[in-house]
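Converting from the sequence shown to our numbering requires adding 41 to each position, the first position being numbered 1.
Beta carbons: idealized from backbone N, C-alpha and C, even for Gly.
On a predicted model such as this, the values are computed, not experimentally measured, just so you know.
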Amino acid sequence: MNYSKLQRYTSSFLIFSILVSFTIRIPFFSFLENVFAADNNRYNIVALIVDEDLYDTSIFSSDIKTEIDRYAEDIQNSLSMTKVMIFPTKSTENPHNIASLLEKLYLE
Numbered sequence: 042m043n044y045s046k047l048q049r050y051t052s053s054f055l056i057f058s059i060l061v062s063f064t065i066r067i068p069f070f071s072f073l074e075n076v077f078a079a080d081n082n083r084y085n086i087v088a089l090i091v092d093e094d095l096y097d098t099s100i101f102s103s104d105i106k107t108e109i110d111r112y113a114e115d116i117q118n119s120l121s122m123t124k125v126m127i128f129p130t131k132s133t134e135n136p137h138n139i140a141s142l143l144e145k146l147y148l149e
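This is the structure:
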């Protein structure tokens, strides 16, 4: 295909400016960060992985369950912008599955 000189120069300039904008911070373009709807309120996440037998509501574990819940609340109250999630897991759970769960939680 034959492109005109104007088209080649324009496309070269645009490609160059995109590559430079990724590598060098230009103060003039910092206003674009405020234009787009970016959520700057990000929460930290603390994941508590608890043995399912301990966290289950059996006869002896009701006290343990309330202590784990209170511990989660204490963490959430002491660390600002933090959410605590409790994950009851089986003691025979594959560590790869737990790591996958935490990775999914991190990415979301």
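* **Cα-Cα separation, I116 to I105** => 16 Å
* Asked: When the distance is taken between beta carbons, is I109 closer than 9 Å to L95?
  -> yes
* In chain order, what residues of the same chain lie with their CB nearer than 7 Å to the CB of K124, ignoring the 5 residues before and after it? -> Y84, I86, Q117
* Expected contact under 8 Å - CB spacing of I139 and V91 to nearest Å -> With 8 Å as the limit, I139 and V91 do not qualify as a contact, their Cβ atoms being about 12 Å apart.
* Asked: Can you name the start and end residues of the beta strand (DSSP E) that K131 belongs to?
  -> Per DSSP, K131 is not a residue of any beta strand (DSSP E), being assigned neither H nor E.
* Per DSSP, A88 forms a beta bridge with which residues? -> M126
* Could you give the distance in angstroms between the alpha-carbon of E149 and the alpha-carbon of H137? -> Straight-line Cα distance between these residues: approximately 18 Å.
* **Cβ distance (whole Å) where E93 is taken to contact T130 below 8 Å** => 6 Å
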